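Under our numbering, the first residue of the sequence shown carries the number 9, and numbering increases by one thereafter.
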Amino acid sequence: MTSKFYPKSLLKIALFIATLFSSATAIALLPPYYKTAKEITAILNDSEVAEKITSGRVIHSIIKTKSGYTLKAGSCTLKVKVNYLPPSQHLDLVGAAVFEIKTGDLNCQI
Numbered sequence: 009m010t011s012k013f014y015p016k017s018l019l020k021i022a023l024f025i026a027t028l029f030s031s032a033t034a035i036a037l038l039p040p041y042y043k044t045a046k047e048i049t050a051i052l053n054d055s056e057v058a059e060k061i062t063s064g065r066v067i068h069s070i071i072k073t074k075s076g077y078t079l080k081a082g083s084c085t086l087k088v089k090v091n092y093l094p095p096s097q098h099l100d101l102v103g104a105a106v107f108e109i110k111t112g113d114l115n116c117q118i
């Protein structure tokens, strides 16, 4: 029994594999809603933010800005920057974006 070579089938398999690998980057990117939710969750879980706002203040609003967010708690505001880090150079793997939170000074009006 001899096997026949099917170039069309091989081409379809090659196109499928190429499409799968080229879409890996697109799969790793989060839609804006989930990106924002991830950033806000990280801000609310940040120990430095909690230390500056303290448990006696209620956060009334979290406003998105160009460089991060502004938290309003009572008569106080706290600016938080979100800095995205470049992808790791030694890994060729696609993964979630990594960012760090930098808090500013707590400004309270009397």
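For glycine and all other residues, C-beta sits at the position ideal for the given N, C-alpha and C.
On a predicted model such as this, the values are computed, not experimentally measured, just so you know.
{"Query": "Under the three-state DSSP convention, the category residue 118 falls into", "Result": "coil"}
{"Query": "Member of 75, 58, 90, 110 whose CA lies at the smallest distance from the CA of residue 46", "Result": "90"}
{"Query": "Limits of the alpha helix (DSSP H) - the one that residue 57 falls within", "Result": "55 to 61"}
{"Query": "Check whether residue 86 and residue 52 have beta carbons under 8 Å apart", "Result": "no"}
{"Query": "Closest by C-alpha distance to residue 108, when choosing among 64, 48, 41, 40", "Result": "48"}
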